[in-house]
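Note that the working numbering numbers the sequence shown so that position 154 is 154, with each residue one more than the last. A virtual CB, placed ideally from N, CA and C, is assigned to each residue, including glycine. To start, the structure under review is shown below, and the notes come after it.
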Amino acid sequence: MKEVLDRITRIHPAVVAEFTIGCGIVRAAIDANIDGSTTLLLPERGAMPIYWASQRDCDQNIEGIVLPIGTFNYTTEEGTKNGTLTDSQKRKIVEQHIGSVQTNRFMILDEVQKGGTISELTGYVRNIHGGEVVVLAAQDTALGHLKASKNPYYTRMASNHLSRVSTTVVPLPLIACDRPSLLDRLTYSGNTRIATDEKPDIKIVPNIGAETIFRALGTLFSDVDYANSNSFEAGLLDTPMSTVRHEKWVSIIKSIAKHVHERRAH
């Protein structure tokens, strides 16, 4: 938990607030689209912080199928390294997870910088399933990515110019992107070289600390009673690992959340 707390408290509270408010919009979009005939897909690792914050710390979780297709760790004689899957390997993993699912449509939640990854996944799901795909794209508002040219397929998809694909774009800062301490970890421990493993067995190592904090943030900005109680700081700071910097950050983020609730009430 200390590593997670250290990392997130180095991000400006206003940016974290913007992310969390955006995740509230993500939650509303999920609620509007999910029903008994729709299945949510969550590609690891980037979708998870958005999902956690959107689902909050409550019993009303909308369950999804987690797809382990992101950057993974593997061990060599030289030590631990990062690896990425080939297009073929990703497609086979997606097919393993959704090929036998009985559903009318899938809904994909994922982060977007240039749009290549979410476009690739949408293509896999369309080809495997053949039915309608709903895409919920959390698009980065960081200046560099905001101005970056987008993948042509994603541009068409975001403009709703693809058949059988309905896209909602939610702008928010991707505060967990490329920050391993705020993400789950994927590992590969196969006996063969990953490049030649047609169906690699990728394991998910849950980041309980990150999930706890993101869910607490989602609750802080959605539940006025929670924001006015001591529950948020008790969950984060009731430990010898907390510091004055952590306490100051928590105080500021709570103040922002209370202000948001006051504005909503008027």
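What does a CB cutoff of less than 6 Å around residue i pick up in its chain, not counting 5 residues either side in sequence?
| i | result |
| --- | --- |
| residue 272 | The chain is shown only over 1 to 266; residue 272 falls outside these bounds and no answer can be derived. |
| residue 37 | 104 |
| residue 169 | 137, 139, 158 |
| residue 206 | 184 |
| residue 27 | 54 |
Relative to the alpha-carbon of residue i, which residue among the options has its alpha-carbon at the smallest distance?
| i | options | result |
| --- | --- | --- |
| residue 257 | 1, 17, 80, 164 | 17 |
| residue 47 | 152, 67, 158 | 67 |
| residue 202 | 236, 103, 97, 6 | 97 |
| residue 22 | 123, 81, 222 | 222 |
| residue 120 | 26, 180, 153 | 153 |
| residue 56 | 130, 235, 219, 229 | 219 |
| residue 88 | 155, 128, 81 | 128 |
| residue 212 | 200, 237, 260 | 237 |
| residue 1 | 90, 214, 91, 32 | 214 |
| residue 291 | 64, 82, 131 | Nothing in the structure corresponds to residue 291, since the chain is present only between 1 and 266. |
| residue 133 | 227, 155, 264, 163 | 163 |
| residue 208 | 228, 77, 235, 254 | 235 |
| residue 228 | 243, 254, 210 | 254 |
With DSSP as the reference, please indicate the residues paired to residue i in a beta bridge.
| i | result |
| --- | --- |
| residue 95 | Answer is none; residue 95 lacks a bridge partner. |
| residue 136 | 109, 168 |
| residue 213 | According to DSSP, which records beta bridges pairwise, residue 213 is partnered with nothing at all. |
| residue 219 | Paired residue(s): none; residue 219 is not in a bridge. |
| residue 264 | Beta-bridge pairing links residue 264 to no other residue. |
| residue 205 | 185 |
Who are the Cβ neighbours of residue i in its own chain at under 7 Å, not counting the five residues just before and after it?
| i | result |
| --- | --- |
| residue 204 | 44, 66, 68, 184, 186 |
| residue 173 | 15, 18, 19, 140, 141, 142 |
| residue 224 | 261 |
| residue 252 | 13 |
| residue 9 | 245, 246, 249 |
Would you call the CB atoms of residue i and residue j closer than 8 Å?
| i | j | result |
| --- | --- | --- |
| residue 112 | residue 138 | yes |
| residue 5 | residue 246 | yes |
| residue 106 | residue 94 | no |
| residue 182 | residue 13 | no |
| residue 108 | residue 117 | no |
| residue 34 | residue 11 | no |
| residue 165 | residue 135 | yes |
| residue 71 | residue 80 | no |
| residue 151 | residue 115 | yes |
| residue 53 | residue 217 | yes |
| residue 200 | residue 188 | yes |
| residue 198 | residue 92 | yes |
| residue 51 | residue 41 | no |
Can you give me the Cβ contacts of residue i inside the same chain, cut-off strictly under 8 Å, excluding the 5 residues immediately before and after it?
| i | result |
| --- | --- |
| residue 177 | 46, 111, 113, 140 |
| residue 242 | 5, 236 |
| residue 73 | 80, 81, 82, 83, 185, 186, 187, 188 |
Exercise. Ignoring anything shorter than 3 residues or poking outside the segment 8-84, list the beta strand (DSSP E) runs there in chain order.
Key: 38-44, 64-68, 72-76, 79-83
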